[in-house]
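Remarks on the structure that follows.
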Amino acid sequence: MTKPVELPQGTLEMLILKAVSLGPLHGYGILLRIQQISGERLEILQGSFYTAVYRLEHRGWIKGEWGQSENSRRARFYSLSTAGVHQLKTETAKWTDMAAVVAGILNTKADEV
Amino acid sequence: MNLLPAIRRLWHSIAPRTSSDVEEEFVSTLDAYQEDLVRKGYPEEEARRKARIDLGQVASQNEIYRAAAGLRLFDELGGDIRHGLRALRKNPLFSAIALLTLALGIGANTAMFSLLDQVVLRLLPVSHPEQLVIVRETGNHYGNSFGANTISWPMFEDLRDNNRVFSGMFCRFPATVNMGYGDRAVQIPAELVSGSYFPTLGVGAAFGRTIAPDDAAVPDSQPVVVLSYSFWRSYFEGDRTIVGRTITLNGHAMTVIGITQPDFDGVELGVPAKVFVPIMMKTEMTPHSDGLKDRRRRLDWVTAYGRLKPGMSLEQAQLSLQPLMHSILEMEVQQPEFTRNATAADRQLFLRNRVELLPGSENGLREYMRRPLWLLVALTGAVLLLACANLANLLLARATARERELAVRLAIGAGRARIVRQLLVESLLLAGGGAIIGLALAFVAARILLRIYLPADSVTEFVISPIPDGRVLVFVMGVMLLTSLVSGLLPAVRSSRTEITLSLKDRSSALSAGSISVRKMLVGVQVALSLLLLFGAGLFVRTLRNLENLGPGFPTDHLLTFRIDPSLNGYSDEETKSFYQRLDVNLQNMPGVASVGFSAMPILKGYAWQNAIVGKDFEGMPIQEQPVLNHVSPDYFATLGIPILAGRDFTTQDVGPNNWRHDTYAVVNESFARQYFPGRNPIGQRFGLVDEMVPVSPQDIEVIGVIPDRKYRDLRETPPAQAYFPYFEDAHFRFMNIYLRTQADPHLIENELRERMRHFDPHVPIVGLQTVDEQIRFSLRTERLVASLSAVFGSLATLLAAIGLYGVMAYTVTRRTREFGLRVALGALQRDVVWLVMRDVLILIAAGLAVGVPLAFALSTLVRSQIFGLGPYDPVTLVSSTVALALVACLAGLIPALRASRVDPLQSLRNE
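Line by line, the protein sequences give chains A and B. For the first sequence, counting from 1, position 36 maps to 36 in my numbering; every step adds exactly one. For the second sequence, counting from 1, position 372 maps to 1372 in my numbering; every step adds exactly one.
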């Protein structure tokens, strides 16, 4: 089994934003989707999930609404706000850029210096 | 609709989600996860555990949410506040005393300083009041003067036209006039002002215009009047159309040309002028004295003011004016009116007169008030100091008591910053609570002070606001806040650095040792200050008692008085004379009235009419103080209860010819007889009043009676030489003061009297109706204020010092419990232990007294002029206040001493 990848700080929020961007979800649904699209390879630290959700909601990037879940239970559904859409775009761009730069550095061969 | 999400966002930031909401969501997610795990094959219990491990505990969600939402600071502060309140509630005695100390310090001081500011310190509400000075002449006055700080009109003109130090000069004269408007007549205080009054002061008009130099150029030419703003608001109800209309003053039609700017009531603070009239109308405003047209250079009646040129100091100006003054005096000395009755010695003395400049806001009231009110400032300063010392003591005690608690908290991991913040919150809570109570107290205290100072029934024109001054409040609060922060926080911060283990193991630490000696010093300070206050209280209470008991020398009960001036109505001399004759008969027949007396000068109000005396028997004697004079009716002495020692009283037949103060009779007092006719029977002797109008003053006044010495001007004076003339002898009738001795309570017939007078002549209002007792009580207001305040503060200070002492000793005793237990176990008696403790108590008290007694001595010389009937080093007062203080303090120390002596040795040794 492949080793689970630890999440660097701050990226969990970006992932939650991505998860929610694919469609409104309730809390557990977001968790499942992250697991799903990461191929079950991400390890979420204890208790860090909801901290991230609260923070995102407080900053207005996701908004929550009470509704009915699949099994007719009361659950809070989160969707991306306009500001959240913008934030996700910005963060994605930053992350991609950084990843490219780091990968470039790490792939430098001795003779390219 | 885009509004809704915006509102929702706003709402989010203001009102965070409720805890039940947060928990409900978490629980739903938890359940969903749990179910999933069960479906994957986990047993129920393990699924539950795993869900909670992975996601978190339900109970902590709310806290996590609030932390994520940035609300943690609020929560912590809220916790600190609640904790602080709880701590204060758990120590009710400490909290109560601390709050009371704060409230007292803030409230009392604010009220006192507000009162002082208004009565003594405040400057005039004009532009650059510090540039204004009063110009007066000092030295041997020669002639007639109407009031302190006055000069004559010709001298004012000379100074005004020839000086180089003032950018402007003006003068004024206060008068009382009868005002008529519509069908109402009322007597009001008026201000006669020179043309440059308003321009020099820089006071403008709210409506219309003020008096200009042109209005005061020619006598009697400009019948104009300016109303004061407050008078216009109250009497004319703010009616703007009054400008341009006519009102009558003393029967003369005057046009209202304007209203002054708000808040200006003349230059005499506390005694507001209601109307302003050009000084050139003096003849009309004061029908029976005419200093304006009478150009005698030695008739002093105007108060002159100057505005210093920018950059010129008072001292410089005063110096520069001396040569000018000297040349004026040299000119005056050669006038015939001076040479007639003056000797060469008088002339020499006269030429030494100087000009003196006083600050513009100075007036008779302030000069009189200055000393005693600064006393009150010192008093309140002492109280503030005491309050701070007490507060510091309390807070230090508390800090050391909590040393252990803080050590424990540090040991279990609380951050130092968090602890300090919590202590800060506690100190602020205390300070805040004290400030609120103090503010309320300030309002109440200001009113109480005012009521002691100016009793409601006193007939007075003083206008002092009972609202505390904001600046003073802020200052005092700041001082107390600083004290509470320093004394509460500093030791607490230090203790948060303490070696934890040391604190936990043993009760003592470097902190406690240091702070206990600070506390002892504080108690010593409190004892010293308390002695000061008690001693002062003793002096002032006894002074008040002395003044009240001594009285003027004649019985003042059942004595009513009022003033009246029919001449203001334009009555001629004949009409006025008949008015008084009829009034005398009318009042004598009034039921309830035992006797009636008329007097031109009011008694015990500080007024004095004086004149130089000539007599062949005492020619060449140095002119000491001139005697005080009066015109009285035949029953005056009988009404006041002053016996005739020799000779006889006036009768209605004693009316001389209409020649002013000549060929008449006089009743003199013993001092007069002693001074002017030593060793002789005064009855039948003759003397005369110096009259500048005639070449030689005749001695045509014959002494017909002698009365004993009684106070004339105020209660503190040594009775001066007094001479009384029959009142019908005075050809120029002016106002009269009427005195009535009533059979029953004088208050009962006050209303009847008013009715009767209205019936007698509705055009002549009576003014200042009160009993002489009330008048005296009013005159003693400052003494009363000082006495009551010092008594209250003295007792309070002693109480607080005792409490402080108790606290310190109780703490010391607790710390020495083991030692006492040991001593008792080794054979010490109970009283030995008591003595051990009391020795410390006595040393502490002695130390405080050692500072306090010399201090009291040193400071009491400063108040020498305020006390009466006893000296500033009065031994009885000193001894009794010291003993009282020592007794109370010893009692306070005795309680913990007795407790120490009762300690069970086994218990105490076991506890350690």
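Where is the CB? At the ideal position from N, CA and C, for every residue including glycine. Source: prediction; values computed, not measured.
If you run the structure through DSSP and keep just helix, strand and coil, what is residue 1811 of chain B? Look at residue 1811 of chain B here: in three-state DSSP terms it is helix.
Helix, strand or coil for residue 1167 of chain B per DSSP? Under the three-state reduction of DSSP output, residue 1167 of chain B falls in the strand class.
Considering only their Cβ atoms, is the gap separating residue 1280 of chain B from residue 1221 of chain B smaller than 8 Å? It is a contact, given that the beta carbons lie within the stated cut-off.
Would you mind giving the Cβ-Cβ distance between residue 1186 of chain B and residue 1566 of chain B, rounded to the nearest angstrom? I have them listed as a contact below 8 Å. 15 Å between Cβ atoms; not a contact.
Using the three-state DSSP reduction, which class does residue 1838 of chain B fall into: helix, strand or coil? In the structure shown, residue 1838 of chain B sits in a helix (DSSP, three-state: H, G or I).
Counting C-beta neighbours from all protein chains within 10 Å, is the total for residue 1188 of chain B 16 or more, i.e. buried, or is it exposed? Buried.
Of the choices A:23, A:13, A:70, whose alpha-carbon is the least far from that of residue 48 of chain A? For residue 48 of chain A, the nearest C-alpha among the options comes from A:13.
Shortest alpha-carbon distance to residue 64 of chain A belongs to which of B:1025, B:1084, B:1071, B:1102? Minimum Cα-Cα distance from residue 64 of chain A among the listed residues B:1025, B:1084, B:1071, B:1102 corresponds to B:1025.
Skipping 5 residues on each side, what residues in its chain have a beta carbon closer than 8 Å to that of residue 1321 of chain B? Excluding positions up to five away in sequence, the list reads 1135, 1159, 1163, 1165, 1355, 1357.
Find out if the Cβ-Cβ distance for the pair residue 1442 of chain B, residue 1210 of chain B is shorter than 8 Å. Going by C-beta atoms, residue 1442 of chain B is not nearer than 8 Å to residue 1210 of chain B.
Could you check the C-alpha separation between residue 1034 of chain B and residue 54 of chain A for me, to the nearest Å? Rounded to whole angstroms, residue 1034 of chain B to residue 54 of chain A spans 21 Å at the Cα level.
Could you tell me whether the Cβ atoms of residue 1487 of chain B and residue 1392 of chain B are closer together than 8 Å? In this structure, residue 1392 of chain B lies closer than 8 Å to residue 1487 of chain B by Cβ.
Which listed residue (A:60, A:18, A:19, A:52) has its alpha carbon closest to that of residue 1007 of chain B: Here the closest residue by C-alpha is A:60.
Residue range of the unbroken alpha helix (DSSP H) whose run includes residue 1108 of chain B: Where residue 1108 of chain B is concerned, the enclosing alpha helix (DSSP H) stretches over 1092-1116.
Contact between the region 82-99 of chain A and the region 1093-1109 of chain B (3+ Cβ pairs under 8 Å): No: the two stretches stay apart, fewer than three of their Cβ pairs being nearer than 8 Å.
Say whether the region 1852-1859 of chain B touches the region 1774-1783 of chain B, bearing in mind that this needs 3 or more beta-carbon pairs closer than 8 Å, one atom from each stretch. Counting Cβ pairs under 8 Å, fewer than three are found: no touch.
Determine, for residue 27 of chain A, whether the minimum Cβ-Cβ distance to residues of chain B falls below 8 Å. Residue 27 of chain A belongs to the set of residues whose beta carbon lies under 8 Å from a beta carbon in chain B.
According to DSSP, residues forming a beta bridge with residue 1544 of chain B: Its beta-bridge partners do not exist; DSSP assigns none.
Under the DSSP definition of a beta bridge, which residues are partnered with residue 1599 of chain B? The partner list for residue 1599 of chain B (beta bridge, DSSP) reads B:1632, B:1737.
Can you list, in chain order, the residues of its chain whose CB lies under 8 Å from that of residue 1328 of chain B, leaving out five sequence neighbours each side? Result list for residue 1328 of chain B: 1155, 1158, 1159, in chain order.
Does the beta carbon of residue 1064 of chain B sit closer than 8 Å to a beta carbon anywhere in chain A? Yes - at least one Cβ of chain A is within 8 Å of the one on residue 1064 of chain B.
Return the chain-ordered list of same chain residues with a C-beta closer than 8 Å to the C-beta of residue 1821 of chain B, the five sequence neighbours on each side being excluded. Counting only Cβ-Cβ distances below 8 Å, and skipping sequence neighbours, we find 1903, 1904, 1905, 1906, 1907, 1908, 1909.
Unbroken alpha helix (DSSP H) runs of length 4 or more, entirely within the region 1228-1283 of chain B: which are they? Positions of the alpha helix (DSSP H) runs, each at least 4 residues long and wholly inside the region 1228-1283 of chain B, are given as 1229-1235 in order along the chain.
Just reading off the beta strand (DSSP E) that residue 1187 of chain B is part of, what are its end residues? Residue 1187 of chain B -> beta strand (DSSP E) spans 1184-1193.
Starting from residue 26 of chain A, follow its DSSP beta bridges and name the residues at the other end. Beta-bridge pairing by DSSP links residue 26 of chain A to A:77.
Under 8 Å from the C-beta of residue 1019 of chain B: neighbouring residues of chain A: Under the 8 Å cutoff, chain A gives no residues; its nearest Cβ is about 12 Å from residue 1019 of chain B.
Return the Cβ separation of residue 1723 of chain B and residue 1668 of chain B in integer angstroms, given the expectation that the two are a contact with Cβ distance under 8 Å. Their Cβ separation, rounded to whole angstroms, is 5 Å, which keeps residue 1723 of chain B and residue 1668 of chain B in contact under 8 Å.
Quick check on residue 1594 of chain B: does DSSP put it in helix, strand or coil? It is a strand residue.
By Cβ distance below 8 Å, which residues in the same chain neighbour residue 1557 of chain B in space, the five residues on each side in sequence not counted? Same-chain partners within the cutoff: 1773.
Buried or exposed for residue 1274 of chain B, please, with buried defined as at least 16 other CB atoms from any protein chain shown within 10 angstroms of its CB. Flag for residue 1274 of chain B reads buried.
N-terminal and C-terminal residue of the beta strand (DSSP E) that residue 63 of chain A is part of: For residue 63 of chain A, the uninterrupted beta strand (DSSP E) segment begins and ends at 62-68.
With 9 Å as the limit, tell me which residues of the region 1016-1046 of chain B have their beta carbon closer than that to any beta carbon of chain A; keep them in chain order. If you check each beta-carbon in the region 1016-1046 of chain B against every beta-carbon of chain A, the ones closer than 9 Å belong to 1016, 1017, 1021, 1022, 1024, 1025, 1026, 1028, 1029, 1030, 1031, 1032, 1033, 1035, 1036.
Quick check: is the beta carbon of residue 1061 of chain B nearer than 8 Å to any beta carbon in chain A? For residue 1061 of chain B, at least one C-beta of chain A is nearer than 8 Å to its own C-beta.
Rounded to the nearest angstrom, what separates residue 21 of chain A and residue 1017 of chain B at their Cα positions? Cα-Cα distance, rounded: 23 Å.
Segments assigned alpha helix (DSSP H), at least 4 residues, entirely inside the region 1040-1074 of chain B: Entirely contained in the region 1040-1074 of chain B, the alpha helix (DSSP H) runs reaching 4 residues are, in chain order, 1044-1055, 1061-1068.
For the beta strand (DSSP E) containing residue 1667 of chain B, list its first residue and its last residue. Unbroken beta strand (DSSP E) run through residue 1667 of chain B: 1664-1669.
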